[in-house]
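Visitor: This is the structure I want to talk about, given as structure tokens.
Here's what the structure looks like:
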């Protein structure tokens, strides 16, 4: 008789989490309240990017040719397969290096696991998944830290390098710029459907493919003079990260919703109520700064605020650079990348307009 499979007898990973992926993020309004006293800390001149504009990573200039990018990201499971969970979490963490225009150089693992619930085999598969992504990115996992945790948590500290003159912040968009989104939206909706066992096999495959695709166009985009601002769309949704870009740049961001790429079937899933709690918390945190077109559907609002785990790059570029920006995305395998908005002068406070 064959011995029972210890992994098969364990609970679903997502059942151990009160929220999964980037939907675990603290709501924007709450986070602002928590951080409001930290911006007054002394800032050394070498710190090119800190917390001032809620950018994707910190950047510290080392010399005339190099600046260090430092970031960290971790969360609870968004899927039940431990290997895929590790892949998604690692891809998401490394994305912040690419979003600053840099190339990753190494990572440290952050691991919190309920060791009385999950087997060492399962935990090992999570780490193997993360390591596989680091190999694909060409970097080592050079260390890390582990704790015994109530919920399963995995992520990375990711470090990278960039030329100081090629750092791309989320606060340098210019009026007249075109906005390009690198990946379709809808990962949060698909994760909500998965948790309720209502996601098709095709939808699951699409979700895995999107969340494990490294945002490798970042350094090539940063090399273009016409690219002015760069960020990635993650837990605060397209609206939240576009609004950060607007506020950091002192501009108005306008999104043409009909041009925003969406994963297949996600609008229908959202219309059925398969959305994450984070979507509503996101809207509660920043909805007052967003103007929606009359009759904007509730399902579309849910997708606008949908938390994207390992989401796409959001690029603000000169219109003359648009064709090259799209060509870079396509060369790196991002076929759905699309121009879907523009940056305008702000007539009053910086805000987001969606129509």
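In my numbering, the protein residues as written are 536 to 890. The C-beta atom is built at its ideal place from N, Cα and C for all residues, glycine as well.
Residues in its own chain within less than 7 Å of residue 733 by CB, not counting five upstream and five downstream?
Guide: Closer than 7 Å at the Cβ level, and outside the excluded window around residue 733, lie 809.
Visitor: For residue 869, which residues from the same chain have a beta carbon less than 8 Å from its beta carbon, with the 5 sequence-adjacent residues on both sides left out?
Guide: Excluding positions up to five away in sequence, the list reads 717, 718, 748, 752, 847.
Visitor: Once you ignore the five residues that flank residue 606 on each side, which residues in its own chain have a CB closer than 6 Å to its CB?
Guide: These residues qualify, in order along the chain: 592, 631, 693.
Visitor: Residue 675 and residue 551 - do their beta-carbons sit closer together than 8 Å?
Guide: No.
Visitor: In the DSSP output, what is residue 723 paired with across the bridge?
Guide: Answer is none; residue 723 lacks a bridge partner.
Visitor: Do you know how far the Cα of residue 759 is from the Cα of residue 729?
Guide: The straight-line gap from Cα to Cα measures roughly 39 Å.
Visitor: Apart from the five residues on each side of it in sequence, which residues of its chain come closer than 8 Å, Cβ to Cβ, to residue 545?
Guide: Taken in chain order, the residues that qualify are 652, 653, 654, 657.
Visitor: Specify the secondary structure class of residue 763 as computed by DSSP and reduced to three states.
Guide: Residue 763: strand per DSSP, three-state reduction.
Visitor: Applying the 10 Å Cβ sphere with the 16-neighbour rule, what's the burial state of residue 695?
Guide: Buried.
Visitor: Could you tell me which of 670, 622, 617, 781 sits nearest to residue 640, measuring between CA atoms?
Guide: Cα-wise, what sits closest to residue 640 is 670.
Visitor: Would you say residue 724 and residue 825 are within 8 Å of each other, going by their C-beta atoms?
Guide: Cβ distance not < 8 Å, so residue 724 and residue 825 don't count as in contact.
Visitor: Tell me which residues share the same chain as residue 495 and place their Cβ nearer than 6 Å to its Cβ, disregarding the 5 neighbours each side in the sequence.
Guide: Because the chain here runs from 536 to 890, residue 495 falls outside it and cannot be looked at.
Visitor: Extract the residue ranges of the beta strand (DSSP E) inside the segment 722-801, only unbroken runs of 3 or more that lie entirely within it.
Guide: With a minimum length of 3 residues, the continuous beta strand (DSSP E) runs that stay inside the segment 722-801 are 762-767, 786-790.
Visitor: Based on Cα-Cα distance, which residue from 642, 660, 879 lies nearest to residue 786?
Guide: For the residues 642, 660, 879, the minimum Cα distance to residue 786 belongs to 879.
Visitor: Mapping the DSSP letters down to three states, classify residue 653 as helix, strand or coil.
Guide: In the structure shown, residue 653 sits in coil (DSSP, three-state: anything other than H, G, I, E or B).
Visitor: For residue 597, does the three-state DSSP call read helix, strand or coil?
Guide: Note: residue 597 maps to coil in three-state DSSP.
Visitor: Buried or exposed: where does residue 703 fall if 16 or more other Cβ atoms within 10 Å of its Cβ makes it buried?
Guide: Label assigned to residue 703: buried.
Visitor: Would you call residue 789 buried or exposed, if buried means 16 or more other Cβ atoms sit within 10 Å of its Cβ?
Guide: Burial call: buried.
Visitor: Locate the alpha helix (DSSP H) running through residue 864, then write down its first and last residues.
Guide: Here the alpha helix (DSSP H) through residue 864 covers 857-866.
Visitor: Evaluate residue 587 with the Cβ neighbour count: other Cβ atoms within 10 Å of its Cβ, from every protein chain shown; 16 or more gives buried, anything less gives exposed.
Guide: Under this definition residue 587 is an exposed residue.
Visitor: Drop a sphere of 10 angstroms on the beta-carbon of residue 750, count the other beta-carbons inside from all chains shown, and report buried for 16 or more, exposed for fewer.
Guide: The residue in question, residue 750, is buried, as its Cβ has 16 or more Cβ neighbours within 10 Å.
Visitor: According to DSSP, is residue 809 part of a helix, a strand, or is it coil?
Guide: If DSSP states are grouped into helix, strand and coil, residue 809 belongs with coil.
Visitor: Helix, strand or coil: which one does DSSP assign to residue 823?
Guide: Helix.
Visitor: Taking buried to mean at least 16 other C-beta atoms within 10 Å of its own C-beta, is residue 672 buried or exposed?
Guide: Flag for residue 672 reads buried.
Visitor: Alpha carbon to alpha carbon, how far is residue 595 from residue 577? Give it in angstroms, no decimals.
Guide: Cα-Cα distance, rounded: 14 Å.
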